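In the numbering used here, the protein residues as written are 490 to 589.
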């Protein structure tokens with residue numbers, strides 16, 4: 490699978506029922522755990538003091554990532570995404586350790 494760095498910013502539409510927000514956030518946690526179990530969500534960070542997340546995700550390609558991975562998140566309709574496809578760097582410590 491290919492790796493992607495993804496920045497997600499969630500903006501709840503004004504006037505949304507707080508119960509709907511709570512329902513979607515709970516469902517989001519469940520779906521994130523499912524995606525982690527299948528190897529699609531590798532790591533997830535939140536910058537200090539910000540309401541956005543940065544994650545390392547895996548998918549067959551960008552179309553698969555957008556449709557079958559990120560598109561399945563319950564908060565997806567409220568998200569903006571910045572996706573960067575990644576490739577291994579020759580000096581990556583993980584790659585160097587695997588070669589040795």
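We put the CB at the ideal spot given by N, CA and C, even for glycine. This structure is a prediction, so every number in the text was calculated from the model and none was measured.
Assigned secondary structure, residue i (DSSP; H/G/I helix, E/B strand, else coil)
| i | result |
| --- | --- |
| residue 544 | strand |
| residue 524 | helix |
| residue 501 | coil |
| residue 539 | coil |
Closest Cα partner of residue i within the set the options
| i | options | result |
| --- | --- | --- |
| residue 558 | 573, 521, 538 and 541 | 521 |
| residue 541 | 570, 548, 566 and 577 | 570 |
| residue 549 | 533, 574, 532 and 498 | 574 |
| residue 515 | 582, 583, 568 and 563 | 563 |
| residue 531 | 506, 519, 547 and 513 | 547 |
Assigned exposure category for residue i - 16 Cβ within 10 Å defines buried
| i | result |
| --- | --- |
| residue 529 | buried |
| residue 552 | exposed |
Distance between residue j and residue i (C-alpha atoms, nearest Å)
| i | j | result |
| --- | --- | --- |
| residue 578 | residue 503 | 42 Å |
| residue 533 | residue 525 | 10 Å |
| residue 523 | residue 544 | 15 Å |
| residue 555 | residue 539 | 23 Å |
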